[in-house]
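Per the working numbering, the very first residue in the sequence shown carries number 11; after that it's consecutive.
All C-beta atoms, glycine included, are put in the ideal place defined by N, C-alpha and C.
Nothing here was measured: the structure is a model prediction, and the numbers come from that model.
Down below is the structure, laid out as structure tokens.
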Amino acid sequence: RGDVGQALLAGDSERATFFLSNWLKLFPDRFYIELQRVGKPEEEVYIERALALAVNQDVPVVATNDVRFISSSDFEAHEVRVCISGRRTLDDLRRPRNYTDQQYLKSSQEMAELFADIPEAYLNAAEIGKRCSMSLNLGTPYLPKYPVPDERSLETYLEDLSRQGLEARLEQLFGGSGWSEQQRSIYFERLDMELKIINQMGFPGYFLIVMEFILWAKENDIPVGPGRGSGAGSIVAYALGITDLDPLKYDLLFERFLNPERVSMPDFDVDFCMKGRDLVIQHVAELYGHDAVSQIITFGTMAAKAVVRDVARVLGKPYSLGDKLSKLIPFGPDVTLAKALEEEIELSRFVDSNEDAQEIMDMAFKLEGVTRNVGTHAGGVVIAPTKLTDFTPLYCEEAGGGLVSQFDKNDVETAGLVKFDFLGLRTLTIIDWAVKMINGRQKEAEPVVISDLPLDDEAVYLLLQKGETTALFQLESRGMKELIKKLRPSSFEDIIALVALFRPGPLQSGMVDDFIERKHGRTEVAYPHPELEHVLSNTYGVILYQEQVMQIAQVLANYTLGGADILRKAMGKKDPAV
11 RGDVGQALLA GDSERATFFL SNWLKLFPDR FYIELQRVGK PEEEVYIERA
61 LALAVNQDVP VVATNDVRFI SSSDFEAHEV RVCISGRRTL DDLRRPRNYT
111 DQQYLKSSQE MAELFADIPE AYLNAAEIGK RCSMSLNLGT PYLPKYPVPD
161 ERSLETYLED LSRQGLEARL EQLFGGSGWS EQQRSIYFER LDMELKIINQ
211 MGFPGYFLIV MEFILWAKEN DIPVGPGRGS GAGSIVAYAL GITDLDPLKY
261 DLLFERFLNP ERVSMPDFDV DFCMKGRDLV IQHVAELYGH DAVSQIITFG
311 TMAAKAVVRD VARVLGKPYS LGDKLSKLIP FGPDVTLAKA LEEEIELSRF
361 VDSNEDAQEI MDMAFKLEGV TRNVGTHAGG VVIAPTKLTD FTPLYCEEAG
411 GGLVSQFDKN DVETAGLVKF DFLGLRTLTI IDWAVKMING RQKEAEPVVI
461 SDLPLDDEAV YLLLQKGETT ALFQLESRGM KELIKKLRPS SFEDIIALVA
511 LFRPGPLQSG MVDDFIERKH GRTEVAYPHP ELEHVLSNTY GVILYQEQVM
561 QIAQVLANYT LGGADILRKA MGKKDPAV
């Protein structure tokens, strides 16, 4: 496929020599002419001409294998996958046949026999292997260097900015109404604790990097969310302007975000206005270098229900057969063909009694989980301390939108890159439009500022109780509207509870009904233990939040909050070994 190879196949030895000389200048003593034998037309013609060129120009040759599947028995499955991608059927005489049954992973013995007449080509493959040596340091995160002014340390700079920021926040919170030294000391004790952990774990740079691009967004009139996920539990984040939620007011735990007893990277989920998200990423690329910043690839795989339909179509089976098989497979992200056959008696019986269905399932088993397409991670962006190619190969988006890593979100982190989440949230865009429209219409009045709106406005809760929540983030689905009408929220804490309750676990366990009955006084509020009243009073004695699980472990079993976080994770995985 290369320029040298194409020239040789065209019989243009002069042009092949020209291209070869260019490559030799770029890679002196490291360039080889590639030879393959996979059963394709004109292969031997190419090899004869390539050998002549190699002898004439004194260039080594190397035997390679264009591997597309693991074993020779996988050829048909590979062809079916190609047909799925190209929307063809297997028996279509017009479909391109670009692959052969020889493109499987051959053993060294098979390759030696294949190139027995050109032993130097086979031996040079081993020589190239010997020339490749490297040591991989996997799992160690490498942050880009944050530009700290005045040659100060990252730790000192973070501490100074955090203290200044907290002073400003406290002035906002208590400046007009007066506040005691005791209140101040509670906030600064929490700040000191967090700073100590952040600096000990080596993450001051991470906080500064996130702070910088969030403040840049705000300064450039790009709406940013107030905080999402466990990062809202950090008062350092609150002081730096990363989040706009007071973690002490809502009893949020720092250890839920960054656990001193289990070293792992912190991870802020940051929401940006959909229109401005790309501008923030562009700013980061300009600050740290375009060759150091990229988004992250995702791989779409063939799932159980879809792969059955696709295989049926490619094999030329009736649409009704593929449709029936697919409908007999239950919905769910964790459903596999094996699990469906084991649990769905009707599916199992149908497959056993129908030869065409059995043929479809046999092929579907081979293709289930195989990568079908690539995409771009919804929010993930990596910022490398040097060039991205020092850590990951790159992939160019088909639409020409830019580069993405060829490693997925798990592998980029294993390779040492740190993932930052730039999430585009349409709700922020809608709110921004609404505020600008309102302020544009009432020019004489005080402008509306979202952060200044009260959280106890009765009119708002009356709207909520009626289920009038269309276009409200996380509150607009039909199921959520039904839950809202039953719960009838009357405080901001009730809204927080709504989001936590509207999940499969609480909905299926009866916890939702119990919570509603207790809130409206139809069931007595009781606590599992008297010592837990202060932990569970906001949720009427119901254990609703992960932070409550951690606090219960601390109160009843004397866990540290770090140890309680490890317990929480083990409970979530349902793995006693953890």
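For residue i, count neighbouring Cβ atoms within 10 angstroms of its own Cβ and tell me buried if that reaches 16, exposed if not.
i	result
isoleucine 448	exposed
lysine 155	exposed
proline 499	buried
valine 14	buried
valine 10	Because the chain spans 11 through 588 in this model, residue 10 falls outside it and cannot be assessed.
lysine 453	exposed
tyrosine 298	buried
lysine 315	buried
alanine 302	buried
methionine 144	exposed
aspartate 373	It should be noted that the sequence gives methionine, not aspartate, for residue 373. It counts as buried.
glutamate 169	buried
threonine 396	exposed
histidine 387	buried
alanine 348	exposed
glycine 49	exposed
proline 578	Note on residue identity: the sequence assigns arginine, not proline, to residue 578. With 16 or more other Cβ atoms within 10 Å, it is buried.
valine 509	exposed
glycine 489	exposed
glutamine 113	buried
tyrosine 329	exposed
Taking 6 Å as the limit between beta carbons, can you name the residues of its chain near residue i, skipping five residues before and five after?
i	result
valine 598	Because residue 598 is not part of the residues shown, which for the chain are 11 to 588, the question remains open.
glycine 379	Thr311
threonine 437	Phe483
leucine 485	Thr479
leucine 115	Val77 and Ile80
proline 233	Cys283, Leu438 and Asp442
valine 473	Correcting the residue identity first, residue 473 is leucine in this sequence and not valine. Counting only Cβ-Cβ distances below 6 Å, and skipping sequence neighbours, we find nothing.
aspartate 5	The question about residue 5 has no answer, for the chain in this structure spans 11 to 588.
phenylalanine 41	Trp33 and Leu34
glutamine 475	Arg498
alanine 178	none
Kindly give me the distance between the Cβ atoms of residue i and residue j, rounded to whole angstroms, as I take these residues to be in contact under 8 Å.
i	j	result
methionine 221	leucine 250	4 Å
isoleucine 43	alanine 60	5 Å
phenylalanine 432	arginine 287	6 Å
leucine 30	tyrosine 56	Not quite, the Cβ-Cβ distance comes to about 14 Å (not below 8 Å), so this is no contact.
valine 4	glutamate 204	In the structure as shown, the chain starts at 11 and stops at 588, and residue 4 therefore has no counterpart that could be examined.
valine 384	valine 422	Between valine 422 and valine 384 the Cβ distance is about 14 Å, and since that is not below 8 Å, they are no contact.
phenylalanine 213	proline 276	6 Å
leucine 335	isoleucine 370	6 Å
tyrosine 555	phenylalanine 525	That belief does not hold up - the Cβ atoms of tyrosine 555 and phenylalanine 525 are roughly 12 Å apart, past 8 Å.
leucine 377	valine 317	5 Å
alanine 367	phenylalanine 360	6 Å
aspartate 111	phenylalanine 85	4 Å
With a threshold of 8 Å on Cβ separation, who are the neighbours of residue i within its own chain once the five nearest residues in sequence on each side are excluded?
i	result
asparagine 147	Gly426
proline 557	Sequence check: residue 557 is glutamate here, not proline. Cβ within range, chain order: Gly243, Asp261, Leu262, Leu263 and Arg266.
leucine 404	Ser304, Leu398, Leu413, Val414, Ser415 and Gln416
leucine 176	Tyr197, Phe198, Leu201, Ile245, Tyr248 and Ala249
isoleucine 291	Val303, Gln305, Val391 and Phe432
phenylalanine 37	none
isoleucine 494	Leu474, Gln475, Gly477, Thr479, Leu485 and Leu508
Once the 5 residues before and after residue i are set aside, which same chain residues still bring their CB inside 7 Å of it?
i	result
valine 458	Val445, Ile448 and Asn449
leucine 542	Ile562 and Val565
glycine 149	Thr424
lysine 496	Ile526
phenylalanine 7	In the structure as shown, the chain begins at 11 and stops at 588. Residue 7 is therefore absent and cannot be evaluated.
alanine 26	Val14, Ala17, Leu18 and Leu63
Heavy atom of the ligand MN less than 7 Å from the Cβ of residue i, yes or no?
i	result
arginine 107	The model on display carries no ligand, and the ligand MN is accordingly not part of it.
Handout entry: Every unbroken beta strand (DSSP E) within the stretch 425 to 472, with a cutoff of 3 residues, ordered by chain
Key = 428 to 435
Enumerated in chain order, which unbroken segments of the alpha helix (DSSP H) with a length of 4 residues or greater are wholly contained in the stretch 94 to 179?
118 to 124 and 129 to 141
Tell me whether the stretch 122 to 136 and the stretch 177 to 184 touch, counting them as touching only if at least three CB pairs, one residue from each stretch, are closer than 8 Å. Touching, no.
For the 8 Å Cβ check, are there 3 or more pairs between the stretch 151 to 169 and the stretch 200 to 218? The way I'd put it, the stretch 151 to 169 does touch the stretch 200 to 218; three or more beta-carbon pairs between them come closer than 8 Å.
Open item on the list: Quick check for students: name the residue ranges of the alpha helix (DSSP H) that lie wholly in the stretch 332 to 401, counting only runs of 4 or more.
Closed with: 347 to 353, 355 to 363 and 365 to 377
(Q) Check whether the stretch 566 to 574 and the stretch 265 to 283 are in contact - that is, three or more C-beta pairs closer than 8 Å. (A) yes
### Message
Three Cβ pairs or more, each shorter than 8 Å: is that satisfied between the stretch 286 to 305 and the stretch 353 to 369?
### Response
No, the stretch 286 to 305 is not in contact with the stretch 353 to 369.
Can you give, in chain order, each stretch of the alpha helix (DSSP H) that sits fully within the stretch 196 to 230 and has at least 4 residues?
214 to 229
- prompt: Do the stretch 78 to 98 and the stretch 313 to 329 meet, that is, are 3 or more Cβ pairs less than 8 Å apart?
  reply: yes
| said: If we require 4 or more residues per run, which alpha helix (DSSP H) segments fall completely within the stretch 477 to 501? | reply: 488 to 497
| message | Quick check for students: name the residue ranges of the alpha helix (DSSP H) that lie wholly in the stretch 227 to 258, counting only runs of 4 or more. | response | Fully enclosed alpha helix (DSSP H) runs of 4 or longer: 245 to 250.
field: Completely contained alpha helix (DSSP H) runs for the stretch 23 to 48, where each covers 4 or more residues
entry: Assignment of alpha helix (DSSP H) within the stretch 23 to 48, counting only whole runs of 4 or more residues, yields 23 to 36 in chain order.
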